[in-house]
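Residue numbering for the sequence shown follows my numbering, beginning at 3 and increasing consecutively.
All C-beta atoms, glycine included, are put in the ideal place defined by N, C-alpha and C.
These notes concern the structure reproduced below.
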Amino acid sequence: MRLLKECKQDEVWNHWKKVEGFSDDNFRRDIRSYLPSDIKWYLAKIEEQDLQKLYIISSDDWRKLTETFKLVDVANAINNDICDEKVRDIKEKEKLYQNNINSLDKKFILVAPAIEGNFTVLEGNKRAIALQTLNKLEGNHIYLGISNGINNYVWARYSFADI
Numbered sequence: 003m004r005l006l007k008e009c010k011q012d013e014v015w016n017h018w019k020k021v022e023g024f025s026d027d028n029f030r031r032d033i034r035s036y037l038p039s040d041i042k043w044y045l046a047k048i049e050e051q052d053l054q055k056l057y058i059i060s061s062d063d064w065r066k067l068t069e070t071f072k073l074v075d076v077a078n079a080i081n082n083d084i085c086d087e088k089v090r091d092i093k094e095k096e097k098l099y100q101n102n103i104n105s106l107d108k109k110f111i112l113v114a115p116a117i118e119g120n121f122t123v124l125e126g127n128k129r130a131i132a133l134q135t136l137n138k139l140e141g142n143h144i145y146l147g148i149s150n151g152i153n154n155y156v157w158a159r160y161s162f163a164d165i
């Protein structure tokens, strides 16, 4: 991951609010409230070597699509004609990106314990998978939160199962 600049947490939250259409400042407290208090935020760029270290959010409702929670594994699995609501949504996003790469937001929100990864997508999982199926995830600018405490963060727990 290439760090481009440090960001304020408010910038990250405001972006998330805008993308998801939230108006209340208490949006997605189920995810945000468990983040380590010492997290530092950056604008970063996904590089080729990061792709195998990207994981979707550690939410058990994804388990029917993946045992590994690796984003590239999910991208490969949805091409195997699995019929599921998440897959239909991802394929719809893929079509939108094919028609216009800027039709949906691409600045996802990820967290990691260190710059080397592993990286967990908190916001933008389906869109990130759709971009990966099109081989357009590399080079994408994202928000990255870094804290040693991410190793113990409930929504990233499957990102470290293979370490």
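Exercise. Are the beta-carbon atoms belonging to residue 149 and residue 38 less than 7 Å from one another?
Worked result: yes
Problem set entry | Cβ contact (3+ pairs, closer than 8 Å) linking the segment 110-120 and the segment 91-101 | No, because fewer than three Cβ pairs between the segment 110-120 and the segment 91-101 fall closer than 8 Å, the two stretches do not touch.
For this session: Evaluate the contact criterion for the segment 63-79 versus the segment 126-140: three or more CB pairs, one atom per stretch, below 8 Å.
Result: yes
Problem set entry | Helix, strand or coil at residue 116 [DSSP, three-state] | In the structure shown, residue 116 sits in coil (DSSP, three-state: anything other than H, G, I, E or B).
For this session: Counting only runs of 4+ residues fully inside the segment 55-113, write out the alpha helix (DSSP H) ranges in chain order.
Result: Fully enclosed alpha helix (DSSP H) runs of 4 or longer: 73-79 and 87-101.
For this session: Assign residue 147 to buried or exposed, taking buried as 16 or more other Cβ atoms, counted over all protein chains shown, within 10 Å of its Cβ.
Result: Its Cβ being crowded by 16 or more others within 10 Å, residue 147 is buried.
Exercise. Do you know how far the Cα of residue 57 is from the Cα of residue 142?
Worked result: 15 Å
For this session: For my contact list, residue 145 and residue 103 are in at a C-beta cut-off of 8 Å; report their separation, rounded to the angstrom.
Result: With 8 Å as the limit, residue 145 and residue 103 do not qualify as a contact, their Cβ atoms being about 19 Å apart.
For this session: Would you identify the three-state DSSP class for residue 20, choosing helix, strand or coil?
Result: helix
Problem set entry | Alpha-carbon spacing of residue 165 relative to residue 136, whole angstroms | Confidence at residue 165 is low in this model, with a pLDDT of 48, below 50, so its placement is unreliable and the value that follows should be read with caution. Straight-line Cα distance between these residues: approximately 28 Å.
Exercise. So, helix, strand or coil for residue 7, using DSSP?
Worked result: strand
Exercise. Relative to the C-alpha of residue 3, which residue among 23, 51 and 68 is closest?
Worked result: 51
Exercise. Sorted by chain position, which residues of the same chain lie with C-beta nearer than 6 Å to residue 40's C-beta, five sequence neighbours on each side aside?
Worked result: 149
Exercise. Which two residues bound the contiguous alpha helix (DSSP H) that contains residue 139?
Worked result: No alpha helix (DSSP H) contains residue 139, which DSSP labels as neither H nor E.
Exercise. Helix or strand or just coil, what does DSSP make of residue 44?
Worked result: strand
Exercise. At which residues does the beta strand (DSSP E) containing residue 29 begin and terminate?
Worked result: Run containing residue 29: none; DSSP gives neither H nor E here.
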